[in-house]
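Visitor:
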Amino acid sequence: MAIKSLIINPGSTSTKIGVFEDENLLFEETLRHSTEEISKYDTIFEQKDFRKKIITDLLAEKNCDLKSFNVIVGRGGLLKPIPSGTYAVTDDLLEDLKVGVQGQHASNLGGILAREIGDEIGVPSYIVDPVVVDELMPIARYSGLEEIPRGSIFHALNQKAVAKRYAKEAGKPYESLRLVVVHMGGGVSVGAHEDGKVVDVFSAFDGDGAFSPERAGGVPCAALVKMCFSGKYTEKEISAKLIGKGGLNSYLGTNDMREVTKRANEGDAKAAEVKQAFLLQVAKDIGAMACVLNGKVDQIVITGGIAYGEDVVAKLKERCGWIAPVTVYPGEDELLALAQGALRVMNGEEQVKQY
Ligand SMILES: Nc1ncnc2c1ncn2[C@@H]1O[C@H](COP(=O)(O)OP(=O)(O)OP(=O)(O)O)[C@@H](O)[C@H]1O
Ligand SMILES: CCCC(=O)O
Numbered sequence: 014m015a016i017k018s019l020i021i022n023p024g025s026t027s028t029k030i031g032v033f034e035d036e037n038l039l040f041e042e043t044l045r046h047s048t049e050e051i052s053k054y055d056t057i058f059e060q061k062d063f064r065k066k067i068i069t070d071l072l073a074e075k076n077c078d079l080k081s082f083n084v085i086v087g088r089g090g091l092l093k094p095i096p097s098g099t100y101a102v103t104d105d106l107l108e109d110l111k112v113g114v115q116g117q118h119a120s121n122l123g124g125i126l127a128r129e130i131g132d133e134i135g136v137p138s139y140i141v142d143p144v145v146v147d148e149l150m151p152i153a154r155y156s157g158l159e160e161i162p163r164g165s166i167f168h169a170l171n172q173k174a175v176a177k178r179y180a181k182e183a184g185k186p187y188e189s190l191r192l193v194v195v196h197m198g199g200g201v202s203v204g205a206h207e208d209g210k211v212v213d214v215f216s217a218f219d220g221d222g223a224f225s226p227e228r229a230g231g232v233p234c235a236a237l238v239k240m241c242f243s244g245k246y247t248e249k250e251i252s253a254k255l256i257g258k259g260g261l262n263s264y265l266g267t268n269d270m271r272e273v274t275k276r277a278n279e280g281d282a283k284a285a286e287v288k289q290a291f292l293l294q295v296a297k298d299i300g301a302m303a304c305v306l307n308g309k310v311d312q313i314v315i316t317g318g319i320a321y322g323e324d325v326v327a328k329l330k331e332r333c334g335w336i337a338p339v340t341v342y343p344g345e346d347e348l349l350a351l352a353q354g355a356l357r358v359m360n361g362e363e364q365v366k367q368y
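Adding 13 to a residue's 1-based position in the sequence shown gives its number in the numbering used here.
(1) Please give the ranges of any beta strand (DSSP E) in the region 77-107, keeping only runs that are unbroken, at least 3 residues long and fully inside the region.
(2) Can you check whether the CB of Val365 is closer than 7 Å to the CB of Thr7?
(3) Using the rule of at least 16 other Cβ atoms within 10 Å of the residue's Cβ for burial, across every protein chain shown, is Arg105 buried or exposed?
(4) How would the residue list near ligand 1 read, in chain order, if you kept each one whose beta-carbon is closer than 5 Å to any heavy atom?
(5) Taking C-beta to C-beta, are Pro226 and Gly260 nearer than 7 Å?
(6) Tell me whether Gly244 sits in a helix, a strand or coil according to DSSP, three-state version.
(7) Name the residue from Val114, Arg228 and Asp221 whose alpha carbon lies nearest to the alpha carbon of Gly157.
(8) Just checking, does the region 345-352 make contact with the region 203-216 on the three C-beta pairs under 8 Å criterion?
(9) Work out the CA separation of Glu331 and Ser252 for me, nearest whole Å.
(10) Hey, Val305 and Tyr139 are a contact pair by Cβ (cut 8 Å); roughly how many whole angstroms apart?
(11) Could you say which of Ile315, Cys77 and Tyr187 lies nearest to Val203 if we only look at CA atoms?
(12) Beta carbon of Leu91, beta carbon of Gly123: below 7 Å?
(13) Does DSSP put Ile30 in a helix, in a strand, or in coil?
(14) What does DSSP give as the partner residues of Pro23 in its beta bridges?
(15) Would you kindly work out how many angstroms separate the C-alpha atoms of Tyr187 and Ala169, rounded to a whole number?
(16) For Leu38, does the three-state DSSP call read helix, strand or coil?
(17) Rounded to whole angstroms, what's the CA-CA distance from Ala183 to Ser189? Just pull it up for me.
(18) My guess is that Gly149 and Val212 are in contact by the Cβ rule of under 8 Å, so how many angstroms apart are they, rounded?
(19) Judging by CA-CA distance, which residue of Ala229, Ile30, Asp109 and Asp55 is the nearest neighbour of Ala86?
(20) Just to confirm my understanding: we take Leu255, look at its own chain, exclude 5 residues before and 5 after, and list those with CB closer than 8 Å. What are they?
(21) According to DSSP, what are the bridge partners of Lys17?
(22) Could you pull out every residue in the same chain whose Cβ sits closer than 6 Å to the Cβ of Lys328, ignoring the five residues on either side in sequence?
(23) Say the cut is 6 Å; is the CB of His168 nearer than that to a heavy atom of ligand 2?
(24) Do you know whose CA, among Pro143, Lys181 and Leu79, lies nearest Leu110's CA?
(25) When you compare only the Cα positions, how much space is there between Arg154 and Tyr54?
(26) Helix, strand or coil: which one does DSSP assign to Leu110?
(27) Can you determine whether any heavy atom of ligand 4 sits closer than 6 Å to the C-beta of Phe58, and answer yes or no?
(28) Run the proximity test for Ser216: is its beta-carbon closer than 6 Å to any non-hydrogen atom belonging to ligand 2?
(29) Is Phe58 closer than 7 Å to Lys17 when the C-beta atoms are compared?
(30) Let me check understanding here. Comparing Cα to Cα, which of Glu42, Val325, Ser27 and His118 lies closest to Phe33?
(31) Using alpha carbons as the reference points, say which of Glu36, Leu39, Thr26 and Asp70 lies closest to Glu378.
(32) Flag Val145 as yes when its Cβ comes closer than 6 Å to any non-hydrogen atom of ligand 2, and as no otherwise.
(33) State buried or exposed for Ile336, treating a residue as buried only when at least 16 other CB atoms are found within 10 Å of its CB.
(34) Using a Cβ-Cβ cut-off of 8 Å (strictly less than) and excluding sequence neighbours within five positions of Ala101, which residues of its own chain qualify?
(35) Can you look up Asp324 in the DSSP assignment and give me helix, strand or coil?
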């Protein structure tokens, strides 16, 4: 009998929902949230009921009975660093998502909602390849300050999914390829994939690399220290400036790259310049990750919502096309990747991991 799964993927600017029977998508929906809508809530956890209502309303609209699901799967959040895999949403894992042991992130809600809905209807709940998947090589952990090692918080689920999709299409094992994967969504991350592992990664969330629609990315640290001690801001306000109100939001007051493009096309010089600055930063990250791979890059793979922008892709090809050929998978494969992760354990092909 087919396994019916409900997939919940809360992003920083959207909630994506998918309903699958085995690997077949019955329907999916992306509900976008404006900065005003999201900023009403003080914490990510406070968004739980708002996002749950969106999900249950959608299922009702599609005449899809909640009780018909065999499994609920969520995108996993800021847990402790863990290996890649499918994890049961146990009490410990749930508690760490609620607390946000490594911080606040929309994907913390994926596992929380999966468990809440799973418990309501008496079926298992899982997360797959959460944002804390950590495969960094030891020398990538150095930051320059012993007390502050670099970490691995990035779009692990989609980076792995598109890298494997590219490998399949190229007819080669993922583990044999050297790829630079560029995810451009509400957040941005650029990873170096080698031997099937993400050995180094820039992530705007972690305060390094390019800015993104909502994240500041790397900023000059001396000026940041001054700002922190200026007495003008609380710690919470500074964090919100860097993650949430940073990037496009800081310069242009919108997290929507389509809006930035519209303004630029209508002659707004600032919008045009900010967009080019964003693309310059992403291109520099791609170049850096090419060096991590000793310049031997099989393919650059570009993905995320912003990759729908043809002009965005054209500019990145212009700046980085000399490094390696470029493949573009706009949007993301996260819903299918989540469904597949759950199916592998439900079908006994893979052992479910315990946090
Ligand atoms: N056609 C398009 N052209 C350019 N940008 C686009 C297009 N469609 C969507 N975007 C932009 O993509 C961004 C959102 O991407 P995405 O949906 O991947 O983010 P998310 O899932 O909310 O966050 P994250 O990917 O960090 O988890 C927004 O800035 C949106 O404006
Ligand atoms: C997925 C973690 C990175 C981000 O959201 O910016």
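Glycine included, each C-beta is placed from N, C-alpha and C at the ideal position.
Guide: Per the coordinate set shown:
(1) 84-88 and 99-101
(2) The requested residue 7 is not part of the displayed model; the chain covers only 14 to 368.
(3) The sequence as given places Asp at residue 105; Arg does not occur at that position. The residue in question, Asp105, is exposed, as its Cβ has fewer than 16 Cβ neighbours within 10 Å.
(4) Gly24, Ser25, Thr26, Ser27, Gly198, Gly199, Gly200, Pro226, Asp269, Met270, Arg271, Gly317, Gly318, Ile319, Tyr321 and Gly322
(5) yes
(6) coil
(7) Asp221
(8) no
(9) 34 Å
(10) Contact flag wrong, Cβ pair sits at about 31 Å.
(11) Ile315
(12) no
(13) strand
(14) Thr28
(15) 15 Å
(16) strand
(17) 11 Å
(18) Reading off the sequence shown, one finds Leu at residue 149, where the question assumed Gly. Contact holds; Cβ gap of about 6 Å.
(19) The sequence given here has Val at residue 86, not Ala. Nearest C-alpha to Val86: Ile30.
(20) Gly220, Arg228, Ala229 and Val232
(21) Glu34
(22) Leu292
(23) yes
(24) Pro143
(25) 33 Å
(26) helix
(27) With respect to ligand 4, the structure shown offers nothing to examine, as its ligands consist of ligand 1 and ligand 2.
(28) yes
(29) no
(30) Glu42
(31) What the structure shows of the chain is the stretch from 14 to 368, and residue 378 is not part of that stretch, so it cannot be assessed.
(32) no
(33) buried
(34) Pro137, Ser138, Tyr139, Val365, Lys366, Gln367 and Tyr368
(35) helix
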